[in-house]
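*Asks:*
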Amino acid sequence: MTNALPPERLQELAAGYVLGDLSSEEAECFQAYLQQDPQLAVEVARLYEVLGVMPYGLPNAPPPPRLRNNILAAAIAAEPSEDPARPKPKIAPFPESPRRFRRRWGGWQVWTSGIAAVAAVALAADNFRLRQNLQDAEVELAWERADFGALVMPSEAVLANNWDGLEQLADDHMDAMSREQGPMDFNSSDLAAIIDRFDRQFEFDDTTPTIARRDVRLMGGSLCEFGKIPGLRYTYTTDDNHTISFYQIDTRIDRLSLPKTGSGKLYISQPGKPRIVLWADDTYIYAIVAELPPEELKDLSYNVVMQ
Numbered sequence: 159m160t161n162a163l164p165p166e167r168l169q170e171l172a173a174g175y176v177l178g179d180l181s182s183e184e185a186e187c188f189q190a191y192l193q194q195d196p197q198l199a200v201e202v203a204r205l206y207e208v209l210g211v212m213p214y215g216l217p218n219a220p221p222p223p224r225l226r227n228n229i230l231a232a233a234i235a236a237e238p239s240e241d242p243a244r245p246k247p248k249i250a251p252f253p254e255s256p257r258r259f260r261r262r263w264g265g266w267q268v269w270t271s272g273i274a275a276v277a278a279v280a281l282a283a284d285n286f287r288l289r290q291n292l293q294d295a296e297v298e299l300a301w302e303r304a305d306f307g308a309l310v311m312p313s314e315a316v317l318a319n320n321w322d323g324l325e326q327l328a329d330d331h332m333d334a335m336s337r338e339q340g341p342m343d344f345n346s347s348d349l350a351a352i353i354d355r356f357d358r359q360f361e362f363d364d365t366t367p368t369i370a371r372r373d374v375r376l377m378g379g380s381l382c383e384f385g386k387i388p389g390l391r392y393t394y395t396t397d398d399n400h401t402i403s404f405y406q407i408d409t410r411i412d413r414l415s416l417p418k419t420g421s422g423k424l425y426i427s428q429p430g431k432p433r434i435v436l437w438a439d440d441t442y443i444y445a446i447v448a449e450l451p452p453e454e455l456k457d458l459s460y461n462v463v464m465q
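Take the sequence shown: its letters are residues 159 to 465, numbered as in our numbering.
1. Which whole-angstrom value describes the C-beta separation of T395 and M335, a residue pair presumed to lie in contact below a C-beta threshold of 8 Å?
2. Could you tell me the alpha carbon to alpha carbon distance between E325 and R372, rounded to whole angstroms?
3. Shortest alpha-carbon distance to A448 belongs to which of F384, S403, L163?
4. Mapping DSSP to helix, strand and coil, what is A370?
5. For the region 386–421, list the alpha helix (DSSP H) runs that are entirely contained and at least 4 residues long, ordered along the chain.
6. Could you compute how far the alpha carbon of L450 sits from the alpha carbon of G378?
7. Quick check on G430: does DSSP put it in helix, strand or coil?
8. Assign D408 to buried or exposed, taking buried as 16 or more other Cβ atoms, counted over all protein chains shown, within 10 Å of its Cβ.
9. Let me know if S255 comes out buried or exposed under the rule of 16 or more other beta-carbons within 10 Å of its beta-carbon.
10. Since L309 is in the alpha helix (DSSP H), which residue starts that stretch and which ends it?
11. Please identify the residue among T365, D364, F356 whose C-alpha is closest to the C-alpha of S108.
12. Candidates L424, M342, F362, L163: which alpha carbon is nearest S391's?
13. Give the C-beta separation of Y460 and Y405 to the nearest angstrom, bearing in mind that I take them to be a contact with Cβ-Cβ under 8 Å.
14. If you follow the beta strand (DSSP E) that M464 is part of, which residue opens it and which one closes it?
15. With distances taken Cα to Cα, identify the nearest neighbour of A328 among R358, V435, V462.
16. What does DSSP give as the partner residue(s) for F344 in the beta ladder?
17. Taking DSSP as the reference, what is the three-state secondary structure of L163?
18. What does the alpha-carbon distance come out to for the pair V128 and P164?
19. Taking buried to mean at least 16 other C-beta atoms within 10 Å of its own C-beta, is R433 buried or exposed?
20. By a C-beta neighbour count over all protein chains shown, 10 Å radius and 16 as the cutoff for buried, is P196 buried or exposed?
21. Give the DSSP-derived three-state secondary structure of F356 in the structure shown.
22. Label G422 either buried or exposed according to how many other C-beta atoms from any shown protein chain fall within 10 Å of its C-beta, with 16 as the threshold for buried.
23. Give every residue of the same chain whose Cβ lies closer than 6 Å to the Cβ of D322, excluding the five residues on either side of it in the sequence, and list them in chain order.
24. Where does F188 sit, in a helix, a strand or coil, going by DSSP?
25. Just the C-alpha distance for V176 and Q189, rounded to the nearest angstrom, thanks.
26. L436 by DSSP, collapsed to three states: which one?
27. Classify L180 as helix, strand or coil using the three-state DSSP reduction.
Spelled out as structure tokens, the structure:
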């Protein structure tokens, strides 16, 4: 009875059935066709095989915990209950396709080639997976940014908590901005050249942080010291001529007195001082200091990559 529909329409329905993109009415009718035509069932099984190998061509990225739980809950809720007494559905006419077919093909052989349908399924599955990965990344980024801490305080509160490192960072940045020769001791837009220049004076790790944003350019580097604690100040400039100091401070010998950042980043604002974004790992303290709006300063910290 499958010859009641043009092969092209069957291709569309089979691809939609495999991708779960049919309406409930279309899916029920198509299942009736599957029960009546074993050859159609074989071709649908082949499409499932094509869809099944698609994940092997894409990176394996586990969903965030909340997304995984939502998917499982939806799958359990949507699982149909088996009813042996339920009669098999009768084949009913499918809703009209938006496309009108003037040519009718002589048989099912056109469908068995499967090339157009397989390509459609593969492309649709690939696009769906890419869209889903993008949505997952946006969700994870939103969660990450929600952990951004903030401190807004007068300078006397900083001193009262013995966080003299904040004063030193702000003062170093302002002193660098006021130098006649410019804020950099070594002018270069090449991060490797800066590392080579200061390699004997500063202990670099295997990877070095850099701000990777198109509207921000590396201008050079300078060795800086906070007491006995060595640091590197990388100077950047934006397209609208704002100067940024990005600090990498070695804490293996001694620790600079700063607020605890935990596992996240800390935004700090003090009256009369440049704004600071601060974070740390087991080896270094990192800080971005600039006269920039808070959201732009935070965004810069999310564009720091290790290379």
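We put the beta carbon where it would ideally sit given N, CA and C, even for glycine.
*Replies:* Straight from the coordinates:
1. Not really, about 11 Å apart at Cβ, beyond 8 Å.
2. So the two alpha carbons sit approximately 30 Å from each other.
3. With distances taken between CA atoms, A448 lies nearest to S403 out of F384, S403, L163.
4. The three-state reading of DSSP puts A370 in coil, since its state is none of H, G, I, E or B.
5. Qualifying alpha helix (DSSP H) stretches: none in this window.
6. Rounded to the nearest angstrom, the two C-alpha atoms are 20 Å apart.
7. Assigned with DSSP and collapsed to three states, G430 falls in coil, not helix or strand.
8. When all chains shown are included, D408 counts as buried.
9. Only weak support exists for where S255 lies, its pLDDT of 44 falling under 50; the value from the coordinates is given anyway. It is exposed - the Cβ of S255 has fewer than 16 other Cβ atoms within 10 Å.
10. Premise fails: L309 lies in the beta strand (DSSP E), 307–310, not in any alpha helix (DSSP H).
11. There is no way to answer for residue 108, as the model of the chain reaches only from 159 to 465.
12. Reading the sequence as shown, one finds Arg at residue 391 and not Ser. With distances taken between Cα atoms, R391 lies closest to M342.
13. Y460 to Y405, Cβ: 17 Å. No contact.
14. Residues 462–464.
15. Checked all of R358, V435, V462; the closest Cα to A328 is V435.
16. F344 is bridged by DSSP to G379.
17. Assigned with DSSP and collapsed to three states, L163 falls in coil, not helix or strand.
18. Look at the range of the chain in this structure, 159 to 465, and you will see that residue 128 is not part of it.
19. Per the 10 Å Cβ criterion, buried.
20. Per the 10 Å Cβ criterion, exposed.
21. Looking at F356 - three-state DSSP - the assignment turns out to be helix.
22. Under this definition G422 is an exposed residue.
23. S415, listed in sequence order.
24. In the structure shown, the three-state DSSP call for F188 is helix.
25. Rounded to whole angstroms, V176 to Q189 spans 11 Å at the Cα level.
26. In this structure, DSSP gives L436 an extended state, which the three-state scheme calls strand.
27. DSSP places L180 in coil when its eight states are reduced to three.
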